[in-house]
Amino acid sequence: VEYAKINVELEPLGLKDSENNSGPDKAKTAVFEVTEVPSPAVITAEVKITPRTVNLKSNGRWVMVHIELPEGYSAADIDVSTIWLDGAVEAETSQVSGEGKLLVKFSRDAVKTYIQGSIGSTGSKFSNINLTVTGEVTGTTFKGSDTIRVKR
Numbered sequence: 001v002e003y004a005k006i007n008v009e010l011e012p013l014g015l016k017d018s019e020n021n022s023g024p025d026k027a028k029t030a031v032f033e034v035t036e037v038p039s040p041a042v043i044t045a046e047v048k049i050t051p052r053t054v055n056l057k058s059n060g061r062w063v064m065v066h067i068e069l070p071e072g073y074s075a076a077d078i079d080v081s082t083i084w085l086d087g088a089v090e091a092e093t094s095q096v097s098g099e100g101k102l103l104v105k106f107s108r109d110a111v112k113t114y115i116q117g118s119i120g121s122t123g124s125k126f127s128n129i130n131l132t133v134t135g136e137v138t139g140t141t142f143k144g145s146d147t148i149r150v151k152r
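In the UniProt record's numbering, the protein residues as written are 1 to 152.
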């Protein structure tokens with residue numbers, strides 16, 4: 001449940017107490033009705049990122065993500081322009097597979113730059129990073145994560 005902060009300014013003139021007396025010193029209470037603000041639905045998608053190990057020194061062209069939506073949703077209905085990797089790298093191309101999954105390609109250079117900024121350039125030769133893919137299908141947000149290995 002998300003809560004919204006409400007700022008209220010009361011105009012003291014015109015407020016009245018239970019005996020119909022007006023003025024700022026006469027109004028003792030104000031009654032407000034607060035309703036719950038529903039959270040937008042988020043669909044959990046299954047995602048698999050390949051290659052499973054990204055070498056920061058390699059020259060490959062793409063990082064690919066296979067997106068599978070839960071039953072009742074079609075990969076063909078995904079708005080590709082809304083797909084992002086960790087909110088930082090935009091999807092470049094896509095195609096629906098025969099298995100009902102969407103294959104999305106991200107620029108490997110853009111992904112490597114993002115990963116480098118996230119994990120830094122020092123540390124062990126290998127590390128793991130969890131990446132989240134988000135997007136929209138028929139106006140509803142979907143989200144899925146996968147962990148890959150990174151070679152410095």
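Beta carbons: idealized from backbone N, C-alpha and C, even for Gly.
Within the DSSP secondary-structure output, N130 pairs in a beta bridge with T147. Per DSSP, K101 is not a residue of any alpha helix (DSSP H), being assigned neither H nor E.
In the three-state reduction of the DSSP assignment, K125 falls in the coil class, being assigned neither a helical nor a strand state. Assigned with DSSP and collapsed to three states, D79 falls in strand. Comparing alpha carbon positions, the residue from G117, K143, S127, E71 closest to T134 is K143. Residue burial annotation: V34 is exposed, with fewer than 16 other C-beta atoms found within 10 angstroms of its C-beta. V111: member of the alpha helix (DSSP H) spanning 108-119, first to last residue. Counting only the Cα atoms, E68 lies some 28 Å from S58. Selection S121, T141, A76, Q116 evaluated against E99 yields A76 as nearest (Cα-Cα). Relative to the Cα of N55, the nearest Cα in the group Q95, I129, D86 belongs to I129.
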